[in-house]
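Inspection log for the structure reproduced underneath, given as C-alpha cells.
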Amino acid sequence: MRTLGVLLFPEFELLDVFGPLEMFGMLPEDFTIRLVAERERSVASAQGPRSVADTLFADDGPYDILLVPGGRGTRREVGNSALLAWLRDKAATASLVTSVCTGSALLAQAGLLDGIRATTNKMAFAWVRSQGPQVLWQPQARWVEDGKFATSSGVSAGIDMSLAVIARLCGEARARQVALWAEYEWHDDPQWDPFAARHGLV
Numbered sequence: 160m161r162t163l164g165v166l167l168f169p170e171f172e173l174l175d176v177f178g179p180l181e182m183f184g185m186l187p188e189d190f191t192i193r194l195v196a197e198r199e200r201s202v203a204s205a206q207g208p209r210s211v212a213d214t215l216f217a218d219d220g221p222y223d224i225l226l227v228p229g230g231r232g233t234r235r236e237v238g239n240s241a242l243l244a245w246l247r248d249k250a251a252t253a254s255l256v257t258s259v260c261t262g263s264a265l266l267a268q269a270g271l272l273d274g275i276r277a278t279t280n281k282m283a284f285a286w287v288r289s290q291g292p293q294v295l296w297q298p299q300a301r302w303v304e305d306g307k308f309a310t311s312s313g314v315s316a317g318i319d320m321s322l323a324v325i326a327r328l329c330g331e332a333r334a335r336q337v338a339l340w341a342e343y344e345w346h347d348d349p350q351w352d353p354f355a356a357r358h359g360l361v
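Per the numbering used here: the sequence shown = residues 160 to 361.
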C-alpha cells in the first residue's frame, strides 16, 4: 500500500487532480489517497467547485508519492515560501514526485528539478521554463520520467502519466486494466505530443 499525497491550492486545475485520482483510485488495494492543503480545508478550483482537503501542512506526514497539479493558481504559488518548503520536505522522503501541467513550475521554483529532465503545459511553456532555468525542459513530450520525478504536459496528459506510474509500480497489465475500466484510450508513448508543434516549440 502506497500513500499518494495530492497538493491543493486556490485555483488548481480540476482535471489535473481528479483525472489522475480516477486512475489511482481504481486500485484501492494499492494506493491510499490524501488531499493536502496549506491552511484551509475547503479549496476552490480554477473552475469554481471546491474540494475538501483531508489534511493540512501542519498535520500531515510523509507520502510515498506526491502529485502537484497546475492551474491559474500556480502563478501566485511560485512565490509562496511555505508551499515551496513543504514540497522540498515531502519530496525528500517520497519515492516518486509527479506533476501535471504547470505544477512543474512549483517543483522548479522549489529547486527540485535542477538538472532533471521535465516537461509542462505547452501553452505555458515559456513561463514555466522561466521558473527553473537549470531544469532540462523537454519541449516535446506527453510526459517525462527522470529518476523519481515524473512531469506531464497539459491537463489531460496527467492521466497518461498516472497510468505510466501505475505501470511502473504495479505492472503494465494493471495499468491497462485501469484504462479499460475507465474506458480511456491511454496514450502510452511519452513522446506523443501533437501540441508542441501547435505552440511553436518544435
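The C-beta atom is built at its ideal place from N, Cα and C for all residues, glycine as well.
**Item:** Stretch pair the region 247 to 259 + the region 284 to 300: three plus CB contacts closer than 8 Å
**Value:** When C-beta atoms of the region 247 to 259 are compared with those of the region 284 to 300, fewer than three pairs fall below 8 Å, so the two segments do not count as touching.
**Contact set for residue 209: own chain, Cβ-Cβ below 8 Å, skip 5 residues either direction** = For this step, residue 209 is matched to residue 50 along the sequence shown. Cβ neighbours of residue 209 beyond the five flanking positions: 201, 202, 203.
**Message:** Alpha carbons only, please: which of 227, 223, 233 is nearest the one belonging to residue 205?
**Reply:** On the sequence shown, position 46 is the one that residue 205 refers to. Cα-wise, what sits closest to residue 205 is 233.
**Asked** What is the DSSP secondary structure of residue 308, reduced to helix, strand or coil?
**Response** Residue mapping note: residue 308 aligns to position 149 of the sequence shown, counting from 1. In the three-state scheme derived from DSSP, where H, G and I count as helix and E and B as strand, residue 308 is classed as strand.
**Item:** Element boundaries [alpha helix (DSSP H), containing residue 192]
**Value:** Here residue 192 is taken as the residue at index 33 of the sequence shown, counted from 1. Run containing residue 192: none in the alpha helix (DSSP H); it sits in the beta strand (DSSP E), 190 to 196.
**Message:** So the candidates are 191, 295, 281, 271; which of them puts its Cα closest to the Cα of residue 353?
**Reply:** If you number the sequence shown from 1, residue 353 lands on position 194. Measuring from the Cα of residue 353, the nearest candidate turns out to be 281.
**Asked** With a cut-off of 8 Å, do at least 3 Cβ pairs link the region 268 to 280 to the region 306 to 323?
**Response** Taking a cut-off of 8 Å on C-beta distances, the region 268 to 280 touches the region 306 to 323, as three or more cross pairs fall below it.
**Message:** Measuring only the C-alpha atoms, how far is residue 320 from residue 212?
**Reply:** What you label residue 320 is simply residue 161 of the sequence shown in a count that begins at 1. What you label residue 212 is simply residue 53 of the sequence shown in a count that begins at 1. If you draw a straight line from the Cα of residue 320 to the Cα of residue 212, it comes to about 23 Å.
**Message:** I need the DSSP call for residue 209, collapsed to helix, strand or coil.
**Reply:** Here residue 209 corresponds to residue number 50 of the sequence shown, with the count starting at 1. DSSP places residue 209 in strand when its eight states are reduced to three.
**Asked** What are the boundary residues of the beta strand (DSSP E) that includes residue 166?
**Response** Here the question's residue 166 lines up with position 7 in the sequence shown. Judged by DSSP secondary structure, residue 166 falls within the beta strand (DSSP E) whose first and last residues are 161 to 166.
**Message:** For the alpha helix (DSSP H) containing residue 318, name the first residue and the last one.
**Reply:** On the sequence shown, position 159 is the one that residue 318 refers to. Residue 318: member of the alpha helix (DSSP H) spanning 316 to 329, first to last residue.
**Message:** Helix, strand or coil, according to DSSP, for residue 272 in the structure here?
**Reply:** Counted from its first residue, the sequence shown places residue 272 at position 113. Three-state DSSP puts residue 272 in coil, outside helix and strand.
**Item:** Contact under 8 Å by Cβ, residue 160 with residue 325
**Value:** Start at 1 with the first residue of the sequence shown, and residue 160 comes out as number 1. Start at 1 with the first residue of the sequence shown, and residue 325 comes out as number 166. By the CB criterion at 8 Å, residue 160 and residue 325 fall outside the cutoff.
**Message:** According to DSSP, is residue 214 part of a helix, a strand, or is it coil?
**Reply:** Stepping through the sequence shown from its first residue, residue 214 is reached at position 55. Residue 214: strand per DSSP, three-state reduction.
**Asked** Tell me which same chain residues have a C-beta within less than 8 Å of the C-beta of residue 241, skipping the five on either side of it?
**Response** Mapped onto the sequence shown, residue 241 falls at position 82. Exclusion of the five residues before and after residue 241 leaves 197, 216 as the residues of its chain whose Cβ lies within less than 8 Å of its Cβ.
**Request:** Classify residue 341 as helix, strand or coil using the three-state DSSP reduction.
**Result:** Numbered from its first residue, the sequence shown carries residue 341 at position 182. Assigned with DSSP and collapsed to three states, residue 341 falls in coil, not helix or strand.
**Asked** What number of angstroms, rounded off, separates the C-alpha of residue 244 from the C-alpha of residue 221?
**Response** Position 85 of the sequence shown, counting from 1, holds the residue named residue 244. Position 62 of the sequence shown, counting from 1, holds the residue named residue 221. Going by C-alpha positions, residue 244 is about 14 Å away from residue 221.
**Test item: CB-CB of residue 163 and residue 337 under 8 Å** = Taking the sequence shown and counting its residues from 1, one reaches residue 163 at position 4. Taking the sequence shown and counting its residues from 1, one reaches residue 337 at position 178. Taking 8 Å as the Cβ cut-off, residue 163 and residue 337 do not qualify as a contacting pair.
**Prompt:** Taking Cβ to Cβ, would you say residue 265 is nearer than 8 Å to residue 294?
**Reply:** Reading the sequence shown from its first residue, position 106 is the one you call residue 265. Reading the sequence shown from its first residue, position 135 is the one you call residue 294. No.
**Prompt:** Looking at the structure shown, is residue 176 part of a helix, part of a strand, or coil, going by DSSP?
**Reply:** Counting from 1 along the sequence shown, the entry for residue 176 is found at position 17. Annotated three-state conformation of residue 176 is helix, per DSSP.
**Request:** From the DSSP output, in three-state form, read off residue 257 for me.
**Result:** Working through the sequence shown from its first residue, we reach residue 257 at position 98. In the structure shown, residue 257 falls within a strand segment according to DSSP collapsed to helix, strand and coil.
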